[in-house]
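A.B. asks: The UniProt record's numbering applies: residue 1 is where the sequence shown begins, and numbers increase by one.
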Amino acid sequence: MPSTRHHPIPVTLLTGFLGSGKTTLLNRLVRQPGMNRILVIINEFGEIGLDHQLFSATDETEVVTLDSGCLCCTIRGDLARTLRDAPWRFSRGGQRQFDRLVIETTGLADPAPILHTLMTDAKLVAQYRLDGIVTTVDAAHGASTLDRHPEAVKQSAIADLLLLTKSDLTDEASLAALRRRLTTINPGAAQRVITAGEIDATALIGLGLMDADGTRADLARWLDGYLDPEPPVMDGLSFNAGGATGLSPLTIGSREAYGLHNDPNRHDDHIHAHSFTLDTPIDLARFEAWLDLMLALMGENMLRIKGILNIEGRDRPTVIHGVQHIFHPPVELDAWPDEDRRSRLVFITRDIPRKSLESVMVAVS
Ligand SMILES: Nc1nc2c(ncn2[C@@H]2O[C@H](COP(=O)(O)OP(=O)(O)OP(=O)(O)O)[C@@H](O)[C@H]2O)c(=O)[nH]1
Numbered sequence: 001m002p003s004t005r006h007h008p009i010p011v012t013l014l015t016g017f018l019g020s021g022k023t024t025l026l027n028r029l030v031r032q033p034g035m036n037r038i039l040v041i042i043n044e045f046g047e048i049g050l051d052h053q054l055f056s057a058t059d060e061t062e063v064v065t066l067d068s069g070c071l072c073c074t075i076r077g078d079l080a081r082t083l084r085d086a087p088w089r090f091s092r093g094g095q096r097q098f099d100r101l102v103i104e105t106t107g108l109a110d111p112a113p114i115l116h117t118l119m120t121d122a123k124l125v126a127q128y129r130l131d132g133i134v135t136t137v138d139a140a141h142g143a144s145t146l147d148r149h150p151e152a153v154k155q156s157a158i159a160d161l162l163l164l165t166k167s168d169l170t171d172e173a174s175l176a177a178l179r180r181r182l183t184t185i186n187p188g189a190a191q192r193v194i195t196a197g198e199i200d201a202t203a204l205i206g207l208g209l210m211d212a213d214g215t216r217a218d219l220a221r222w223l224d225g226y227l228d229p230e231p232p233v234m235d236g237l238s239f240n241a242g243g244a245t246g247l248s249p250l251t252i253g254s255r256e257a258y259g260l261h262n263d264p265n266r267h268d269d270h271i272h273a274h275s276f277t278l279d280t281p282i283d284l285a286r287f288e289a290w291l292d293l294m295l296a297l298m299g300e301n302m303l304r305i306k307g308i309l310n311i312e313g314r315d316r317p318t319v320i321h322g323v324q325h326i327f328h329p330p331v332e333l334d335a336w337p338d339e340d341r342r343s344r345l346v347f348i349t350r351d352i353p354r355k356s357l358e359s360v361m362v363a364v365s
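1) Can you find a heavy atom of ligand 2 that lies under 8 Å from the Cβ of Ile194?
2) In whole angstroms, what is the alpha-carbon distance linking Ser20 and Arg314?
3) So, using beta-carbon positions, are Met302 and Ile352 closer together than 9 Å?
4) Considering Cα atoms alone, identify which of Gly93, Ile114, Leu182 and Tyr128 is closest to Thr136.
5) Would Ala126 be called buried (16 or more neighbouring beta carbons within 10 Å of its own) or exposed?
6) How many Å lie between Leu309 and Val323 at the Cα?
7) Tell me, which residues are paired with Gln191 by DSSP?
8) In terms of residue numbering, what span does the beta strand (DSSP E) encompassing Val137 cover?
9) How many Å lie between Val331 and His7 at the Cα?
10) Spatial neighbours of Leu227 within its chain, please: CB distance less than 8 Å, with the 5 preceding and 5 following residues excluded, ordered by chain position.
11) Tell me whether Glu172 counts as near ligand 1, meaning its Cβ is closer than 8 Å to at least one heavy atom of that ligand.
12) So, Ala152 versus Ala177, is the Cβ gap smaller than 9 Å?
13) Between Gly16 and Ala80, what straight-line distance do the alpha-carbon atoms span, to the nearest angstrom?
14) On the DSSP bridge assignment, give the partners of Ile103 in chain order.
15) Asn186 and Ser156 - do their beta-carbons sit closer together than 9 Å?
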């Protein structure tokens, strides 16, 4: 079997609501030059309209609960097996036939269990690394889908890149309103408007935290969508820089700033992105204790956590990356990407008051 130990295969998770254009996008992508060495796994049983040599569909008949035993960690057993077997199944003469994996989820799926599997299954952790989460949003029906389906809100909330599809079926004002709404749900995700799945494949690559060599030159882009105090579409942003504690909280995307009024029945009004910068190095033991407690208490509502940490006594930055209560093992980067040595953390949460996060952030700094 080809070794993947030192070069885990990058994985792109492609999610998005039913009919939002995932398959259309994939069919266009795999035809682009240099994209023939992508393995596409479709986590869906039934008719598949993908015109590609290297793909595998999984059969959702068996449900497996991972070790943590909770509902949000149930995954289709067949998918986990397909992922484990793929490197040898798609190899010829001992040579793996693919360099990148794309997993397309079913439109109604919560993508979290798939991410959990990638992060916790020891064999998969050695074989693969998550490169990014791409979510398609139907520009024509996106707003009503977000209104009616919490799965769609969650798919948007955890994305690294949001692709607004079917822009030909909507008008500019509706598209702009949808974009603003998505910005409030997930201010750090880049947004691209596409038609008929037309996008350069390179735009979907390298969205994650780590480069293959363990450094991340573009770390700023990864976090700064959340941290930029003056992003162009976000007037009304409240920014409280500095303070006696050295804690610089940044509240992003208040709904009123976008002309959106809070409505507890709207799914996305429960989702908030909270960012923090910490000027002083973090006490690791206290931070870990806090994180364990937070995740135990509100794991399922902590949708995504990303952070670069300046840990007391360490010269190099440590990055953390979690989906709900599951974390990638923390990774120490080779070097800080720039002069900024502050710890930066982003939490995308559902129904977690900012104050709960804030009080403990002060405690660890
Ligand atoms: N007008 C228009 N139609 C599109 C566009 N992108 C996709 N479609 C159509 O939308 C329909 C659904 O697209 P799919 O690519 O099958 O969507 P999907 O997300 O894979 O759907 P599921 O697998 O059911 O979740 C198809 O009829 C596509 O031809 C677009 O940009 N414009």
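Every residue gets a Cβ at the ideal spot worked out from N, C-alpha and C, and that includes glycine.
Small disclaimer: the values here were computed from a predicted structure and weren't measured.
C.D. replies: In this structure, then:
1) Although ligand 2 was asked about, the structure shown includes only ligand 1 as ligands.
2) 45 Å
3) yes
4) Leu182
5) exposed
6) 17 Å
7) Leu162
8) Tyr128 to Asp138
9) 15 Å
10) In this prediction, Leu227 scores a pLDDT of 46, lower than 50, which makes its location untrustworthy; no coordinate-derived value is stated.
11) no
12) no
13) 20 Å
14) Leu13 and Ile41
15) yes
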